[in-house]
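The next block holds one structure in the form of structure tokens; read it before the comments.
Number of protein chains: 2
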Amino acid sequence: MNAEELIMISVDDHVVEPPGMFEAHIPERYRDQAPRVRTTKDGSDVWTFNGKTIPNIGLNAVAGRPKEEYGIEPTAFDEIRPGTYDIHERIKDMSAGGILASMNFPSFPGFSGRVFAATEDKDLALAVVRAYNDWHIDEWAGTYPGRIIPMALPVLWDAELCAEEVRRVAAKGCHSITFTENPATLGYPSFHNEYWDPLWRAVCDEDVVVSIHLGSSGQLSVTAPDAPIDVMITLQPMNVCQAAADLLWSRVIKKFPNIKFALSEGGTGWIPYFLDRLDRTYDMHHLWTGQDFGGKLPSEVFREHFLTCFISDPVGVQLRNLIGIDNIAWECDYPHSDSSWPNAPEELAEVAADVPDDDLNKITYQNAMRWYSFDPFVGGRTKDNGTVAALRAEVAGHDVSIRSYDKGRFQKQVGIEMGKLAEQATA
Amino acid sequence: MNAEELIMISVDDHVVEPPGMFEAHIPERYRDQAPRVRTTKDGSDVWTFNGKTIPNIGLNAVAGRPKEEYGIEPTAFDEIRPGTYDIHERIKDMSAGGILASMNFPSFPGFSGRVFAATEDKDLALAVVRAYNDWHIDEWAGTYPGRIIPMALPVLWDAELCAEEVRRVAAKGCHSITFTENPATLGYPSFHNEYWDPLWRAVCDEDVVVSIHLGSSGQLSVTAPDAPIDVMITLQPMNVCQAAADLLWSRVIKKFPNIKFALSEGGTGWIPYFLDRLDRTYDMHHLWTGQDFGGKLPSEVFREHFLTCFISDPVGVQLRNLIGIDNIAWECDYPHSDSSWPNAPEELAEVAADVPDDDLNKITYQNAMRWYSFDPFVGGRTKDNGTVAALRAEVAGHDVSIRSYDKGRFQKQVGIEMGKLAEQATA
């Protein structure tokens, strides 16, 4: 299939939360306490909440910049593409990139909402999480039906409340919750603790996928304080295999046969090796470790429960049948630096030149639709006008040129962020 | 090629150090201070050195046991196969397993000799490291020329002394040094520090491979204190990719163009994904991170410097040309629980059924010979009488039956070790 004919749903992109997002959604009594954006003396925009400052509005939102300026963080709204925070511009950017629909992970709250969870006033925290989810589902996703796969933040500090929130958002049509790679490293009970059972019960009941994004454990893959940053960039996606192993061998999989996890931005090329490793571990060790999957192999169990996701992964595409052709979904990672927006369709078509159409359709949109109970074909949208070519034609003239947003703050910020990484590594 | 015709060199096995190993090699003035074996009240054998007890004589030396008894650690010499600590029995076990030659990592000193490095009296520590290496090279490897690839411990606490030791052992024909995955996590300067340059200069001058074994960073892949041990068993080999990334992006590779590293027990199936990830990281980020390989891609650079090693890895064998057919060596891992001894030749022949003979010969012995400057064809040994069939015929009748060594201490020890893992994870 050539690039123009592809139908593409991305299961991992990112929203940069716009100022004012809470206004229409936070209860009146918390209006003054909701997170808000401030501009600092040096011109950076920051979120403030609960007496704390969260400087990182965009989490590496560098789409449309020249590669020389990728670095760590743009720090102000006027340094990033409006498509990162404005839904109307986002839809144009998606169409110009050939992308029919997209699921958007959060930015400033952290992938599992731990910025909100850190609040001592848990009533306030819950109000903020709910307001965030209402904004995301009703406003961000709701403005353009069929274009955004809705996703909700969890109530990270309380499994019962989290289950309630899952049921609440599912009733609004949201079938994806963003969660952490490892609750234990964030200070909560681990995946092996019964504590989370109410949440698992709710996601199974409501057909909600637990979407686990790389980097959501609160731990960076930093080998040494003086390691080049390229080391961390290389290793970070493979970190998610820890979550996969942790969950695969856990009681969760055994007790909740319908539970579904997505390994977002985890890549796919390492999965066949990982599945072999699981099966060999089982073969060599289950007689003394006591693991028991009722006659199934771990690799079979993996395919019943895990969606794997890739941006660009020639090896994974080649080995798709060793992974499981129903277990792979493409992602764009807009607006982060690993994204190939707006040329992702061309990149994928090249990588998948030898892939039969039926396989490729599963990878580019059908698996995403099934796993996330999501239908992009609404309001007159059909497979014919949902292709890369059709979407691009709808926004002909939309500016996707590469340009510099650098206003001098940028290189300084790179230095600050690299210093922070070094501190984290030694802490 | 069928199993009987294979010529097999294993680049990763383990010696369990025998009591009395230091006697012929430690200088007279340190005789009373050399490590020695004691038997505890409950019948366990332990090494003692420098006022400390090292309980783990065998590091999981379970070869020949039923899988029900694999667990963590046998704790006494009479609970493990004599082939683990007696060179004459080892050679018989190797021949019965069809293995022509083998490289043996240490057990009680730790993979990088950190038990010795922890001694305050550095003269004593140096004497012990040298005695260990003399025993390993002259006695363990020297008794059966062509059967053991000699390997030396490093002087972990002093790069200059380490360089001297590398030159000393190289003069004795030893072209492999065992090192750590990450000196930073052991409290030494990282791979990115010029501190180690004397060592790197010595290994390049002397054509010595730096063999990095999984688990040598002092860090276990433990996700949570209450995670099943299967999680750690699954993840531990992939941990070595951190060392690979750390070194690949480091100045070491750029400053020492002849340096060679082996990723021992690291597996191979994940390497093609890893190489893609390296190249993509370079493409997307080098303009701001400043990485520069002089026009080469990181994947090309990787193949110039890294040997990858696998026990059983169908995906790696299938993807051998994406890894680099000159960069793969087979390993047996005798006597640990991931080993298929004595049936490894049959297992490999099945996995490699479709692999051309020229490729398979590189994987089973030719790459090991070239990387480690090692020649097994000495003293009348030829390719004809170095095959699996020929070696097995030489030791016809040698007992390789699976039997229980359990004397009641074993299950208790499993409990203790799992408790220790949990402690480490929470520490």
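These protein sequences, in sequence, are chains A and B. All the letters of the first sequence, read from the start, carry residue numbers 1 to 427 under UniProt numbering. All the letters of the second sequence, read from the start, carry residue numbers 1 to 427 under UniProt numbering. Note that the Cβ used here is the ideal one computed from N, Cα and C, for glycine as well. Note that the structure is a prediction, hence the values are computed from the model and not measured.
Asked, Found
"Glutamate 347/A to leucine 391/B, Cα distance in whole Å?", "52 Å"
"Is the Cβ-Cβ distance between tryptophan 249/A and proline 228/B less than 8 Å?", "yes"
"Would DSSP call alanine 389/A helix, strand or coil?", "helix"
"Quick one: what's got a C-beta closer than 8 Å to glutamine 236/B's C-beta in the same chain, skipping five residues either side?", "Leu214, Gly215, Leu220 and Ser221"
"Would you decide whether glutamate 69/B is buried or exposed? Buried here means 16 or more other CB atoms lie within 10 Å of its CB.", "buried"
"Alpha carbon to alpha carbon, how far is valine 208/B from glutamate 304/B? Give it in angstroms, no decimals.", "15 Å"
"Where leucine 186/A and alanine 244/A are concerned, what is the direct C-alpha to C-alpha distance, given to the nearest angstrom?", "17 Å"
"Quick check: the Cα distance between glycine 83/B and valine 203/B, rounded to an integer number of angstroms?", "31 Å"
"Does the Cβ of valine 378/B have 16 or more other Cβ atoms within 10 Å, making it buried, or fewer, making it exposed?", "exposed"
"What's the gap between the Cα of isoleucine 402/A and the Cα of tryptophan 341/A?", "11 Å"
"May I ask you to list, following chain order, the residues of the segment 282–316 of chain B that have a beta carbon less than 9 Å from some beta carbon of chain A?", "Tyr282, Asp283, Met284, His285, His286, Leu287, Trp288, Thr289, Gly290, Gln291, Pro298, Ile311, Ser312, Asp313, Pro314, Val315 and Gly316"
"Please compile the residues from chain A whose C-beta is within a distance smaller than 7 Å of the C-beta of glutamate 68/B.", "Leu287 and Trp288"
"Quick check: is the beta carbon of isoleucine 229/B nearer than 8 Å to any beta carbon in chain A?", "yes"
"Among the residues of its own chain, which have a CB less than 6 Å from the CB of lysine 255/A, if the five just before and after it don't count?", "none"
"Can you check which of these residues, Met21/B, Pro298/B and Ala170/B, is closest to aspartate 246/B by C-alpha distance?", "Pro298/B"
"Among residues of its own chain, excluding the 5 on either side of arginine 90/A, which ones have a beta-carbon nearer than 6 Å to its beta-carbon?", "Gly83"
"Decide yes or no for the touch test of the segment 369–377 of chain B against the segment 20–39 of chain B: beta carbon pairs closer than 8 Å, at least 3 of them.", "no"
"Using beta carbons (cut-off 8 Å, strictly below), is leucine 186/A in contact with chain B?", "no"
"Where DSSP assigns a beta bridge to lysine 52/B, which residues make up the other side?", "Phe49/B"
"Could you work out which residue in Leu161/B, Trp157/B, Ala171/B and Ala170/B is closest to threonine 180/B when comparing CA atoms only?", "Trp157/B"
"Hey, quick one: how far does the beta strand (DSSP E) through arginine 281/A stretch, first residue to last?", "Note that residue 281/A is threonine in the sequence shown, not arginine. Per DSSP, threonine 281/A belongs to no beta strand (DSSP E); it is in the alpha helix (DSSP H), 271–289."
"Identify each residue in the segment 218–243 of chain A for which the Cβ-Cβ distance to at least one residue of chain B is less than 9 Å, and report them in chain order.", "Ser221, Thr223, Ala224, Pro225, Asp226, Ala227, Pro228, Ile229, Asp230, Val231, Met232, Ile233, Thr234, Leu235, Pro237, Met238, Cys241, Gln242 and Ala243"
"Run down chain B in chain order and give the residues with a C-beta less than 7 Å from the C-beta of alanine 245/A.", "Val231, Thr234 and Leu235"
"Nearest CA to the CA of arginine 81/A: which residue from Val128/A, Val15/A and Ala171/A?", "Val15/A"
"Using a threshold of 8 Å, state whether the C-beta atoms of alanine 159/B and tyrosine 195/B are closer than that.", "yes"
"Counting only the same chain and skipping the five closest in sequence on each side, list residues whose C-beta sits under 7 Å from that of glutamate 4/A.", "Thr387, Val388 and Ala389"
"Report yes or no: do three or more beta-carbon pairs, one from the segment 327–336 of chain B and one from the segment 302–319 of chain B, lie closer than 8 Å?", "yes"
"Quick one: list the residues of chain A neighbouring arginine 403/B, beta-carbon separation under 9 Å, in chain order.", "Within 9 Å Cβ-Cβ: nothing; arginine 403/B doesn't reach chain A, min ~15 Å."
"To the nearest angstrom, how far is it from the Cα of phenylalanine 410/A to the Cα of serine 44/A?", "Low confidence applies to phenylalanine 410/A: its pLDDT is 49, below 50, so where it sits in the model is not reliable enough to give any reading."
"Determine, using beta carbons only, whether histidine 213/B comes closer than 8 Å to chain A.", "no"
"Could you check the C-alpha separation between valine 46/B and valine 351/A for me, to the nearest Å?", "55 Å"
"In this structure, how does DSSP classify alanine 152/B when only helix, strand and coil are distinguished?", "strand"
"Tell me the rounded alpha-carbon separation between alanine 63/A and isoleucine 57/B.", "55 Å"
"Run through the DSSP bridge pairs and tell me what valine 210/A is partnered with.", "Ile177/A and Phe261/A"
"Give the interface partners of asparagine 193/B over in chain A, defined as CB-CB distance under 7 Å, in chain order.", "Asp226"
"Classify methionine 8/A as helix, strand or coil using the three-state DSSP reduction.", "strand"
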